[in-house]
Amino acid sequence: MTATIIDGKAVSNQILEELKAEVDLLREKGQQPGLAVILVGDDPASQVYVRNKERACKKLGIFSSKYCLPDTTPEEELIQLIQKLNRDPNIHGILLQLPLPQAIDEKKVLDYISPNKDVDGFHPYNLGRLLAGDPIFLPCTPQGVQELLVRYQIPIEGQNVVIVGRSNIVGKPLAMMLVQKAKAANATVSLCHTRTKNLKEFTSRADILIVACGKARMVTADLVRPGAAVIDVGINRIDGKLVGDVDFEQVSQISSFITPVPGGVGPMTIAMLMKNTIKAAKRFWEGEATSFSF
Ligand code: GUN
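So in our numbering the end of the sequence shown lands on 294, straight run, no missing numbers.
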């Protein structure tokens, strides 16, 4: 079997068009969603991501403001910027690009982003809402993965989903989303990681295999059940070339669906960020963004 290649770029462009129509309607009413993007330090990959996020805002007509801070920025200064943006009525979403420089306590700083403006869905309040089955903002990459499965009509309900990688950004929230008693979910989810005994025993039973472990071409064909749908969240640079966590050459020969790297999950993350930003703005205008005092 040769896999259908999932075109994340095309799906993302389609979603961005749908979202642009929504932003156009809002702007006719004099409303414009706004996103603030904060970049601390000069990590080259983060610079590319931030540039792409700004571009997407421009394309859709979302107001965006970018804050580039040096990697020597004191934690307190970053917190003050977040607090200023929390109060800014023209800003509905705040995105703090990760990773942060070593000297800054990531968890502590993320806690300062108002849950109402937390378009990354990383605040413990929003993670808790997801765990409780009543999410507001879903983290962008897991949401992008779910959306790809839906738009390619890959069945999820009752399927064996195996996720390799337990990060707070991808693996853990995605497991929570797909196990939910909800549409495009209801799967039986296994969450594998570096300490999993006999990984193959799990992966070879997967109807849907999602890999987000950060190890280049780690998943080879022998780990995959023929006919499985394989979603590769990894982005690794090898000899200047971008490759995923899945060995695409091998696995595309036996799987039913596969995402390429680049052009698979990556573009979806940005589309979902735009979706969350519009949602955040609407929650403000519709009076749903009630205040928090923690
Ligand atoms: N770094 C890698 N992925 C992400 C993401 O989804 N959001 C943010 N803020 N930083 C990231």
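For every residue, glycine included, the Cβ atom is placed at its ideal position computed from N, Cα and C. Source: prediction; values computed, not measured.
Distance cut-off 7 Å: residue 118 Cβ against heavy atoms of the ligand GUN: No; taking the cut-off as 7 Å, the Cβ of residue 118 has no heavy atom of the ligand GUN nearer than that.
Which same chain residues, not among the five before or five after residue 91, have their C-beta less than 6 Å away from its C-beta? Leaving aside the five residues that flank residue 91 on each side, the residues in its chain whose CB is nearer than 6 Å to its CB run, in chain order, 34, 36, 85.
For the alpha helix (DSSP H) holding residue 49, just list the boundary residues, first then last. In the DSSP assignment, residue 49 falls within the alpha helix (DSSP H) that extends over 44-60.
Count Cβ pairs between the region 145-163 and the region 216-231 that sit closer than 8 Å; are there 3 or more? Touching, yes, given that three or more Cβ pairs across the two stretches are closer than 8 Å.
I'd like the list of long-range same chain contacts for residue 63, defined as Cβ closer than 6 Å, with 5 residues on each side in sequence excluded. Within the same chain, and ignoring the five residues on either side of residue 63 in sequence, the residues whose Cβ sits closer than 6 Å to its Cβ are 32, 34.
For residue 119, three-class secondary structure by DSSP: Residue state, collapsed to three classes: coil.
With contact counted as at least three CB pairs below 8 Å, one residue from each stretch, are the region 265-272 and the region 178-192 in contact? Pairwise C-beta distances place the region 265-272 out of contact with the region 178-192, as fewer than three of them are shorter than 8 Å.
Along the beta strand (DSSP E) that carries residue 140, what are the first and last residues, could you check? Unbroken run through residue 140 is the alpha helix (DSSP H), 140-151; no beta strand (DSSP E).
Could you pull the DSSP bridge partners for residue 34 from this structure? Residue 34 is bridged to 63.
For residue 277, is the beta carbon positioned less than 7 Å from some heavy atom of the ligand GUN? The beta carbon of residue 277 sits no closer than 7 Å to any heavy atom of the ligand GUN.
Please state if the CB of residue 81 and the CB of residue 38 are separated by a distance shorter than 8 Å. Taking C-beta atoms as the reference points, residue 38 and residue 81 count as a pair closer than 8 Å.
Exposed unless 16 or more other CB atoms sit within 10 angstroms - verdict on residue 299: Missing from the structure shown is residue 299; the chain here goes from 1 to 294 and no further.
Report the rounded CA-to-CA distance for residue 223 versus residue 70, giving the unit in angstroms. Approximately 43 Å between the Cα atoms of the pair.
Sorry if obvious, but does the Cβ on residue 98 come closer than 7 Å to a heavy atom of the ligand GUN? Indeed, a heavy atom of the ligand GUN lies less than 7 Å from the Cβ.
Cβ-heavy atom distance, residue 138 to the ligand GUN, below 7 Å: The beta carbon of residue 138 sits no closer than 7 Å to any heavy atom of the ligand GUN.
First through last residue of the alpha helix (DSSP H) which encompasses residue 276: That run of the alpha helix (DSSP H) goes 265-285.
Terminal residues of the continuous beta strand (DSSP E) containing residue 229? Bounds of the beta strand (DSSP E) holding residue 229 are 229-232.
Report yes if the C-beta of residue 82 is less than 7 Å from at least one heavy atom of the ligand GUN; otherwise report no. It does not: the Cβ of residue 82 is nowhere closer than 7 Å to a heavy atom of the ligand GUN.
Limits of the unbroken beta strand (DSSP E) element including residue 237: For residue 237, the uninterrupted beta strand (DSSP E) segment begins and ends at 236-238.
Residue 148: beta carbon under 7 Å from a heavy atom of the ligand GUN? Flag unset: Cβ of residue 148 not near the ligand GUN.
What separation, rounded to the nearest whole angstrom, lies between the Cα atoms of residue 3 and residue 196? Residue 3 and residue 196: Cα-Cα distance of roughly 27 Å.
Quick check on DSSP: helix, strand or coil for residue 248? The three-state secondary structure of residue 248, taken from DSSP, is helix.
CB-CB under 6 Å to residue 252, same chain, minus the five flanking residues each way: which ones, in chain order? 3, 258, listed in sequence order.
Residue 235: which of 221, 254, 212, 288 sits nearest, CA to CA? Among 221, 254, 212, 288, the Cα nearest to that of residue 235 belongs to 212.
For the ligand GUN, is there a heavy atom less than 7 Å away from the beta-carbon of residue 141? Distance from the C-beta of residue 141 to the nearest heavy atom of the ligand GUN is below 7 Å.
What residues match up with residue 190 in a beta bridge as DSSP calls it? Residue 190 pairs with 162.
Where residue 287 and residue 115 are concerned, what is the direct C-alpha to C-alpha distance, given to the nearest angstrom? Straight-line measurement puts the Cα of residue 115 at about 14 Å from the Cα of residue 287.
Other residues of its chain near residue 141: CB distance less than 6 Å, five sequence neighbours each side excluded: Closer than 6 Å at Cβ, skipping near neighbours: 170, 269.
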